[in-house]
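Read top to bottom, the protein sequences are chains E and P. Counting from 1, one number per residue, gives the positions in the first sequence under the numbering used here. Counting from 1, one number per residue, gives the positions in the second sequence under the numbering used here. All C-beta atoms in this analysis are idealised placements derived from N, C-alpha and C, irrespective of residue type, glycine included. Scroll down for the structure; my scribbles are underneath it.
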Amino acid sequence: MSSPDGTEPPGRPAGPEPKIEDLVDETGPALRFDALAEETDDDGRRTGGTAVATKDDSKKELALGPVGHLGDRLFSGLAHGSGAVVILIVAFVGVFLLALAIPALADNNSNFLFSRVWEPGGAEPRFGIAALFYTTLISSVIAMVIAVPIAIGVALFVTYYAPRRIATPVAHAVDLLAAVPSIVYGLWGALFFAPILLPVINGLSSALGWIPVFDKAPGDNVGVIFTVSVVLAIMILPVVTAISREIFAQTPISHREGALALGATRWEMVRMAVLPYGRSGVVSASMLGLGRALGETVAVMIILTVPNGNDPWDPSIFAGGETFASKIANNAAEFDSPEKTGAFIAAGLVLFVVTFLVNSAARLIVARSAPGAKRPRRNRRAGATEGASA
Amino acid sequence: MAKRIEVSGLNVYYGDFKAVEDVSMTIEPRSVTAFIGPSGCGKSTYLRTLNRMHEVIPGARVEGKVLLDQQDLYATGVDPVAVRRVVGMVFQRPNPFPTMSIFDNVASGLKLNGVKDRKKLTQVVEESLQGANLWNEVKDRLDKPGAGLSGGQQQRLCIARAIAVEPEVILMDEPCSALDPISTLAIEDLIEKLKDRFTVVIVTHNMQQAARVSDQTAFFNLAATGKPGRLIEMGPTKQIFSNPTEKATEDYITGRFG
């Protein structure tokens, strides 16, 4: 059984090869047939199974029933049940958040969506999420802007540039980043990485400081949004890389050869064949990363300094702040009255909705532009014009 | 526009496995040469060595010489990318770029060569589509995706894409094996037309096709399974199909193979 294309593994022992029938004709599969036969045949036939049995004995009535095997019904119930449980859990989380948030929101004396004040306790509670929303979103978006190009680069390097003996370790190293707990990222970011970033922060702010977003208050505070963004970027790098890598590797060889046969260099081949094919996958990977960055708690809490004062609002990315998650985690000790708790839960609800919207957007983009999903629709249109012109 | 290919003593390896052994042949300019032979005899592998496309496959390497008008394609300092711009290729399955329009598919090779002038692009796209007998069918929908065409139209689109860069040689690896008989006929007519401008080399499993379109036919075969493929016989198509020198060739073309 030597193959003409030379894929035969070397060092196979000489002599008669084991026949596949010998291996299959063991008790394993036969037992499975027994089980089937027992369910459908009641006359105690032990071997052969239904197919062979009916072939052997043509006078016997074919065993075509009864409908609905026990295992099938069990599995169907299990599958339906699991689906229902997931939907129930999501619904319960939503109901819980709403039920606890609504009373607090009703007592709120300031605009919940547009106020930046956070004083939920007392006789006249006033709280709004504008500052939290801004900090959460900008830190995550900057993280994505940093992480996605690097992830695409790593994914392309692993799939189309590196020799296999380098590509595999690099891929594993990136995957390993995902296994680091976020508390470790927090400690590492706050104690080791943030001081290293200081020159970068100072350089950027002195070059671009005339734009309010890059304006920096005097001092050497490194527990700022920018630092958080860089650490978040490292944290979401593995997931974005892994998905991009998968989708790039799936680019059909015919597309790649089509480009190469036209005299494309490797980069031109990537641009003509690989990137268009993988675009939707990269978008959905980025959205998944964004979703993770939005909800990240511990690392943000440790790194980001909380500004003092009544309205310590600073739009700069070189200032401290609080995200939804870090605000809630920082103040977990304050959940002493339903009003206060309700305020924090309302903030959590907004985070829930934002993350949900991001994930939905990702799904929508993927469904719209997946290589498989887009073309049939266009095909139909092209086919229609073809039919009309013919 | 068309050049002579001279191959001498060519061996192709996949890793340690020798896939093709000691092939020497001359392919005349402005002619159609067909490669026939059983599956796995190395004719597609050999075809790919004529524009170094085999290098896409990890571990594939070549010994010997392939001269294109006296220039060795395997000499040091020869860029495979440049080779492929001179020796174009059409594949078994039509492979237009799915995200590109018909126009962009044909223009893609030119854009690789740095042609940006819209007027020039439009002109070459029209000429190439006419050269591929496709212009009349697509001229009203050049901005539609190439993947929306029928299989036969897609294959002619791929041929248009290949000839748009004005190569010297066009290699075709079983270009009709995924097509219906009508589309196959369209491609065969096109090959007849292409040989006025290009050197065409075609691999085919269809012996009637080889007999219909080619001037020269080369028969490849394996000595035995696991052994490398060899060129058994090459000559004018008429002679190969009516009066072959080798017994193996006669057995193959009369269906008495094996």
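- Residue environment for P:Tyr46: buried (at least 16 other C-beta atoms within 10 angstroms of its C-beta).
- Of all C-beta pairs linking the region 210 to 230 of chain E to the region 272 to 292 of chain E, fewer than three are shorter than 8 angstroms, placing the two stretches out of contact.
- A check of alpha carbon separations from P:Asn105 across P:Ile159, P:Glu55, P:Tyr13, P:Gly226 identifies P:Ile159 as the nearest.
- In terms of Cβ geometry, P:Gln92 and P:Ala218 do not form a close pair [threshold 8 angstroms].
- Chain-order list of chain P residues neighbouring E:Ser254: Phe91, Arg93, Asn95, by C-beta distance under 8 angstroms.
- Taking the Cα of P:Ser214 as reference, the smallest distance to any Cα among P:Val78, P:Lys227, P:Val200, P:Ile102 is reached at P:Val200.
- In the DSSP assignment, E:Val231 falls within the alpha helix (DSSP H) that extends over 225 to 249.
- Under the DSSP assignment, P:Pro236 falls in the beta strand (DSSP E) whose first and last residues are 229 to 236.
- Each of E:Leu100, E:Gly77, E:Thr136, E:Ile236 was checked against the Cα of E:Met144, and the nearest Cα belongs to E:Ile236.
- Taking the Cα positions, E:Ala299 is about 18 angstroms away from E:Leu198.
- Annotation: E:Thr136 to E:Leu294 spans about 6 angstroms, alpha carbon to alpha carbon.
- Straight-line measurement puts the Cα of P:Pro167 at about 29 angstroms from the Cα of P:Asn221.
- Taking 8 angstroms as the threshold, the shortest C-beta distance from P:Ser108 to chain E falls below it.
- Using a CB distance cut-off of 8 angstroms, E:Thr265 counts as an interface residue toward chain P.
- For E:Thr251, same chain residues with a beta-carbon under 8 angstroms away, outside a window of 5 residues either side, are Ala273, Val274, Tyr277, Gly278 in chain order.
- In terms of beta-carbon proximity, P:Gly88 lines the interface with chain E, with at least one pair separated by less than 8 angstroms.
- Using a Cβ-Cβ cut-off of 9 angstroms, P:Val81 is close to Leu260, Gly263, Ala264, Thr265, Arg266, Glu268 of chain E, given in chain order.
- Residues of the region 52 to 70 of chain P with a C-beta less than 7 angstroms from any C-beta of chain E: Met53, Val56, listed in chain order.
- If you look at P:Gln216, you'll find it in the beta strand (DSSP E) that goes 216 to 222.
- Judged by pairs of C-beta atoms under 8 angstroms, the region 300 to 307 of chain E does not touch the region 200 to 218 of chain E, as fewer than three such pairs exist.
- The three-state secondary structure of P:Val200, taken from DSSP, is strand.
- For the pair E:Ile201 and E:Phe318, the CB atoms are nearer than the 8 angstroms cut-off.
- Around the beta carbon of E:Gly68, a 10 Å sphere encloses fewer than 16 other beta carbons of the protein chains shown; the residue is thus reported as exposed.
- Beta-bridge partners of P:Ile170 (DSSP): P:Gly88, P:Val200.
- The straight-line gap separating the alpha-carbon atoms of E:Leu357 and P:Val78 is approximately 53 angstroms.
- Just so you know, the alpha carbons of E:Ala130 and E:Glu124 end up roughly 19 angstroms apart.
- Annotation for P:Ser8: the continuous beta strand (DSSP E) segment containing it runs 5 to 14.
- Not one beta carbon of chain P lies nearer than 8 angstroms to the beta carbon of E:Ala162.
- Contact annotation for P:Leu112 against chain E: Ala259, Leu262, Gly263, Ala264, Thr265, Glu268, Met272 [CB-CB distance below 9 angstroms, chain order].
- With contacts defined by Cβ atoms closer than 8 angstroms, P:Val138 and P:Ala164 do not form a contacting pair.
- About 13 angstroms separates the Cβ atoms of P:Asp72 and P:Arg4, ruling out a contact at the 8 angstroms cut-off.
- Taking all protein chains in view, the Cβ of P:Asp173 is crowded by 16 or more other Cβ atoms within 10 Å, so the residue is classified as buried.
- By the beta-carbon neighbour count (other beta carbons within 10 angstroms, threshold 16), P:Glu192 is exposed.
- Within the region 130 to 155 of chain P, the complete alpha helix (DSSP H) segments at least 4 residues long are 135 to 138, listed from N- to C-terminus.
- Among the CB atoms of chain E, none fall inside 8 angstroms of the CB of P:Arg197.
- Against P:Thr99, the close residues of chain E are Pro276, in the order they occur along the chain (beta-carbon pairs closer than 7 angstroms).
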